[in-house]
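Right, one structure below, let's go through it.
Protein chains: 2
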Amino acid sequence: MAAQWAKTVRALADGREIRYYDSELRERSATDTRDLAPVESRSHTTLDALTGEWITHATHRQTRTFLPSTDLCPLCPSVSGRATEIPEPDYEVVVFDNRFSAFAGGPGHCDVVCFTSAHDTTFAALGLARARMVVDVWADRTADLTARDGVAQVFCFENHGEEIGVTLSHPHGQIYAYPFITPRAEKILVSADRHRRETGRDLFEDVLARERDDENRIVATNDEWLAFVPVAARWPFEVQLFPRRRVADIPDLDDSQRDGFADLYLDMLQRFAALFDESMPYIAAWNQAPATHRDAWWLHMQLFSIRRAPGKLKYLAGSESAMGAFINDTDPAAVAAQLRAAR
Amino acid sequence: MAAQWAKTVRALADGREIRYYDSELRERSATDTRDLAPVESRSHTTLDALTGEWITHATHRQTRTFLPSTDLCPLCPSVSGRATEIPEPDYEVVVFDNRFSAFAGGPGHCDVVCFTSAHDTTFAALGLARARMVVDVWADRTADLTARDGVAQVFCFENHGEEIGVTLSHPHGQIYAYPFITPRAEKILVSADRHRRETGRDLFEDVLARERDDENRIVATNDEWLAFVPVAARWPFEVQLFPRRRVADIPDLDDSQRDGFADLYLDMLQRFAALFDESMPYIAAWNQAPATHRDAWWLHMQLFSIRRAPGKLKYLAGSESAMGAFINDTDPAAVAAQLRAAR
């Protein structure tokens, strides 16, 4: 199906933008009645000379909202007498500038993406039409942010679950527009460059061919997408989703690919949720092309959990947190089999 | 003071080695009476072709001991009727092969280092003589492991606190002998090589000169060591300890440097513990030279905590865990001031 939605851009009380995405044109004229202090901007990025990585210091975030009770949720629609981040009394999907941006005052940018106005649900339960609409919203925001001066890479993601520190349970994701190429993307670009020099071939093509050929680790597929546990999975439960036809980023996905993603992604989230009789925290991370390296990239999503077994979480301790060396207690093929059997 | 200790090597019931380090020669002849199944070896390392990093899969570790009650602690000395990992009825410092090695069956190796037989204490409370002895033990084990075929880098570290997933509260650390150069070390080597090419100078010298000159971020020093919050700190509370005189690894430290380290490190741990009225989890991570790059290295320790404030932990969510881009909510100079005022 082709994208069909209307976008209305409004301002919040402190000048931040909010964008309403609606499946049909709606009047979105509610005013933010809150008395908000201007957004503070005290973040800056510093090069870690030893590792060559950029570190962002954003000290104003220490005071950000932390696990509010449901009736104080800032991501629910506003009701009479209680104004939230969304002035309207209802919404479908909204994206607003994060008040606690990691990149305040610099060329970077942080969005909050609310997937639904319903507080007590999850992405896995959104349904196909809404999930498909979220893909369009990611595409729209990515295109907008990529065009800004100083933005090097746009990262759409969802952190899900208190176990990984999510402070608001309302179904939402985030978008970071980094003023630098992220360390993961840098490493991939270096690998791809070396692979090209050494073999004359494209790294992504070779990696995907290898993953596609090992049926033991494939979880599910459709006409447009593959979902597999990578041979070098670093998380206890990890799936990567790749489009069969190469694109650089979400805006490049055509309608058929967007439909296919929504379908397979919901399937994966539902499998994750069905694995254990307890909550399954996860991180869903879009790997989009850095702005300067579109031709070298292949869009993909990493979906992974730190839950390694019922009652047990994977912690990043010395080996991972200090040295970056991941020790994974699960076997990729066994995880794929567990996920195929889940639901 | 010069190193003075005796080492006795014995075998555990399943063939693993245990090494007793004693400040004076002691008879260490107790036999491991347990009926232990042979150690399983099912780990292997896989190259993540996209990132160029080695991932270790160690599936046998899923069953490892998880938060036992104090009277079942496997790191306490054995008592009549209850045999632990240490057959002797007392010890000073012991190092034994980890039954749940991340590198079982390969060229890598995992040690467990018990700092004291006392269950209810911490490294911060060991006292100077014992801390100094632990430095010698790290040096002895590093020299032994570095000499083994296939070992690329030896990593001495301590994970401290349930908040980061420590499953045994008895004061202990670990040593990993990696069969590959860790991602952090790889990145540093790449940076150092580029710095040499671009400037003709040594990266470590330049970094250390810059850190030494910014008094705002120095926490404490002595004749041999500096402890500072790095300008690009990625953790809420992070200190790096560098020897003033360059060495490649712990075995290279002379007596004066070892004394100086024990003194300053205890001071840092005590400052960490005094910061808040609640437990301070930490990771202490020795960055030693990869075996093949001794001349390019400068030994240092990273000491950091994921506690960012009372009641609040830093979680590694999408930006850090997926993209490797660290967002730190604290200001390095402010952290240094807090640490200088602590104790």
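Residue numbers (numbering that gives the first Met the number 0), protein chains in the order written: chain A, 0 to 342; chain B, 0 to 342. Every residue gets a Cβ at the ideal spot worked out from N, C-alpha and C, and that includes glycine.
(message) By the 9 Å beta-carbon criterion, what residues does the region 306–318 of chain B contribute toward chain A?
(response) ARG307, ALA308, GLY310, LYS311, LEU312, LYS313, TYR314, LEU315, ALA316, GLY317, SER318
(message) Would you say ILE206 (chain B) lies against chain A (beta-carbon separation less than 8 Å)?
(response) In the second sequence, residue 206 (chain B) corresponds to position 207, counting from 1. Looking at the sequence provided, one finds Val at residue 206 (chain B) rather than Ile. Cβ-Cβ to chain A under 8 Å: yes for VAL206 (chain B).
(message) For a contact defined as C-beta to C-beta under 9 Å, what are the partners of HIS56 (chain A) on chain B?
(response) In the first sequence, residue 56 (chain A) corresponds to position 57, counting from 1. The contacting residues are ALA231, ALA232, ILE326, ASN327, ASP328, THR329, ASP330, PRO331.
(message) Can you tell me whether THR386 (chain B) is helix, strand or coil according to DSSP?
(response) Here chain B covers residues 0 to 342 and nothing more, so residue 386 (chain B) does not appear.
(request) Confirm, please, whether the CB-CB distance from THR30 (chain B) to GLY323 (chain A) is below 8 Å. (result) Taking the first residue of the first sequence as position 1, residue 323 (chain A) is located at position 324. Taking the first residue of the second sequence as position 1, residue 30 (chain B) is located at position 31. Cβ atoms of GLY323 (chain A) and THR30 (chain B): not closer than 8 Å.
(request) Measure the Cβ-Cβ separation of VAL78 (chain B) and PRO86 (chain B) and say whether it is below 8 Å. (result) As a first step, residue 78 (chain B) is located in the second sequence; it is residue number 79 there, counting from the start. As a first step, residue 86 (chain B) is located in the second sequence; it is residue number 87 there, counting from the start. Not in contact: VAL78 (chain B) and PRO86 (chain B) (Cβ atoms no closer than 8 Å).
(request) Report the neighbours of ARG301 (chain A) on chain B: residues whose CB is nearer than 7 Å to its CB, in chain order. (result) The residue labelled residue 301 (chain A) in the question sits at position 302 within the first sequence. The amino acid occupying residue 301 (chain A) in the given sequence is Gln; Arg does not appear at that position. Neighbours of GLN301 (chain A) on chain B, chain order: ALA321.
(request) Check the C-beta distance from PHE99 (chain A) over to GLY172 (chain A) and give it rounded, since I have them as a contact under 8 Å. (result) Mapped onto the first sequence, residue 99 (chain A) falls at position 100. Mapped onto the first sequence, residue 172 (chain A) falls at position 173. With 8 Å as the limit, PHE99 (chain A) and GLY172 (chain A) do not qualify as a contact, their Cβ atoms being about 15 Å apart.
(request) Output the distance between the C-alpha atoms of THR58 (chain B) and SER42 (chain B), rounded to the nearest integer angstrom. (result) In the second sequence, counting from the first residue as 1, residue 58 (chain B) sits at position 59. In the second sequence, counting from the first residue as 1, residue 42 (chain B) sits at position 43. Going from the Cα of THR58 (chain B) to the Cα of SER42 (chain B) covers about 7 Å.
(request) Along the beta strand (DSSP E) that carries LYS6 (chain A), what are the first and last residues, could you check? (result) Sequence index remark: in the first sequence, residue 6 (chain A) carries index 7 (1-based). Note, LYS6 (chain A): beta strand (DSSP E), 5–10.
(request) Verify the CB distance criterion: does ASP47 (chain A) have a CB-CB separation below 8 Å to chain B? (result) As a first step, residue 47 (chain A) is located in the first sequence; it is residue number 48 there, counting from the start. Closer than 8 Å: yes.
(request) Determine whether the Cβ of LYS6 (chain A) lies closer than 8 Å to any Cβ atom of chain B. (result) Reading the first sequence from its first residue, position 7 is the one you call residue 6 (chain A). Chain B contact via Cβ: absent.
(message) I'd like the span of the beta strand (DSSP E) that includes GLU237 (chain B), first residue to last.
(response) Numbered from its first residue, the second sequence carries residue 237 (chain B) at position 238. Here the beta strand (DSSP E) through GLU237 (chain B) covers 236–242.
(request) From the DSSP output, in three-state form, read off HIS194 (chain B) for me. (result) Sequence index remark: in the second sequence, residue 194 (chain B) carries index 195 (1-based). HIS194 (chain B): helix per DSSP, three-state reduction.
(message) Please tell me whether ALA29 (chain A) has its Cβ less than 8 Å away from any Cβ of chain B.
(response) Taking the first residue of the first sequence as 1, we reach residue 29 (chain A) at position 30. Interface flag for ALA29 (chain A) against chain B is unset, since no Cβ pair is found closer than 8 Å.
(request) Give the DSSP-derived three-state secondary structure of ASP21 (chain A) in the structure shown. (result) As a position in the first sequence, residue 21 (chain A) is number 22, starting the count at 1. Looking at ASP21 (chain A) - three-state DSSP - the assignment turns out to be strand.
(request) Scan the region 184–216 of chain A for residues whose Cβ lies nearer than 9 Å to a Cβ of chain B and list them as they occur along the chain. (result) ALA184, GLU185, LYS186, ILE187, VAL189, SER190, ALA191, ARG193, HIS194, LEU202, PHE203, ASP205, VAL206, ARG209
(request) Measure the C-alpha to C-alpha separation of MET300 (chain A) and ALA138 (chain A) and round it to an integer number of angstroms. (result) Mapped onto the first sequence, residue 300 (chain A) falls at position 301. Mapped onto the first sequence, residue 138 (chain A) falls at position 139. So the alpha carbons of these two residues sit roughly 14 Å apart.
(message) Alpha carbons only, please: which of B:ARG200, B:THR329, B:ARG244 is nearest the one belonging to LYS311 (chain B)?
(response) One-based indexing of the second sequence puts residue 311 (chain B) at position 312. Cα-wise, what sits closest to LYS311 (chain B) is B:THR329.
(message) Whole angstroms are fine: how far does the CA of ALA12 (chain A) sit from the CA of GLU237 (chain B)?
(response) Walking along the second sequence from the start, residue 237 (chain B) turns up at place 238. Walking along the first sequence from the start, residue 12 (chain A) turns up at place 13. Rounded to whole angstroms, GLU237 (chain B) to ALA12 (chain A) spans 37 Å at the Cα level.
(message) So for TYR90 (chain B), helix, strand or coil by DSSP?
(response) Position 91 of the second sequence, counting from 1, holds the residue named residue 90 (chain B). Coil.
(request) Report the option in B:ALA332, B:LEU265, B:ASP276 whose CA atom is closest to the CA atom of ALA308 (chain B). (result) For the purposes of this step, residue 308 (chain B) is taken as the residue at position 309 of the second sequence. Nearest C-alpha to ALA308 (chain B): B:ASP276.
(request) For ALA101 (chain A), return the contacting residues in chain B, with the cut-off set at a CB-CB distance below 7 Å. (result) By 1-based counting over the first sequence, the position of residue 101 (chain A) is 102. Going along chain B in sequence order, the residues near ALA101 (chain A) (Cβ under 7 Å) are ILE326.
(message) Does any residue of chain A have a CB that is nearer than 8 Å to the CB of ILE174 (chain B)?
(response) Here residue 174 (chain B) is taken as the residue at index 175 of the second sequence, counted from 1. With 8 Å as the cut-off, ILE174 (chain B) does not count as an interface residue toward chain A.
(message) Could you check whether ALA321 (chain B) and ARG183 (chain A) sit closer than 8 Å to each other, using their CB atoms as the reference points?
(response) Your numbering for residue 183 (chain A) matches position 184 in the first sequence. Your numbering for residue 321 (chain B) matches position 322 in the second sequence. Contact flag set, yes.
(message) So, does the region 291–305 of chain B touch the region 285–303 of chain A, judging by three or more C-beta pairs under 8 Å?
(response) no
(message) At 3 residues or longer, what runs of the beta strand (DSSP E) sit wholly inside the region 164–209 of chain A?
(response) The qualifying runs are 171–177.
(request) Along the beta strand (DSSP E) that carries TYR264 (chain A), what are the first and last residues, could you check? (result) For the purposes of this step, residue 264 (chain A) is identified with residue 265 of the first sequence, where counting begins at 1. Going by DSSP, TYR264 (chain A) is part of no beta strand (DSSP E) but of the alpha helix (DSSP H) stretching over 254–273.
(request) For PHE154 (chain A), go through chain B and note every residue whose CB falls closer than 9 Å to its CB, in chain order. (result) In the first sequence, the residue the question calls residue 154 (chain A) occupies position 155. The contacting residues are GLY317, SER318, ALA321, MET322, ALA324.
(request) Would you be able to state if there are at least three C-beta pairs under 8 Å between the region 226–237 of chain A and the region 248–262 of chain A? (result) no
(request) Find the residues of chain A that neighbour THR291 (chain B), judging by a C-beta separation of less than 9 Å, and give them in chain order. (result) Against the second sequence, residue 291 (chain B) aligns to sequence position 292. Neighbours of THR291 (chain B) on chain A: none; closest Cβ ~16 Å, over 9 Å.
(request) Compare the C-alpha of LEU315 (chain B) against each of A:ILE249, A:GLY160, A:ARG131 and name the closest. (result) Counting from 1 along the second sequence, the entry for residue 315 (chain B) is found at position 316. Comparing Cα positions, the closest option is A:GLY160.
(message) So with CB distances below 8 Å, who are the chain B contacts of ILE282 (chain A)?
(response) Here residue 282 (chain A) corresponds to residue number 283 of the first sequence, with the count starting at 1. Residues of chain B passing the Cβ test: ALA316, GLY317, SER320, ALA321.
(message) For VAL228 (chain A), tell me which candidate among A:PHE271, A:ARG195, A:SER190 has the shortest Cα-Cα distance.
(response) Locating residue 228 (chain A) in the first sequence gives position 229, counting from the first residue. Considering only alpha carbons, the answer is A:PHE271.
(request) Could you tell me which chain B residues have their CB closer than 7 Å to the CB of ILE163 (chain A), listed as they occur along the chain? (result) Indexing the first sequence from 1 puts residue 163 (chain A) at position 164. Result: TYR314, ALA316.
(request) Any chance you could list the beta strand (DSSP E) runs of at least 3 consecutive residues sitting entirely within the region 270–301 of chain B, in chain order? (result) 281–286
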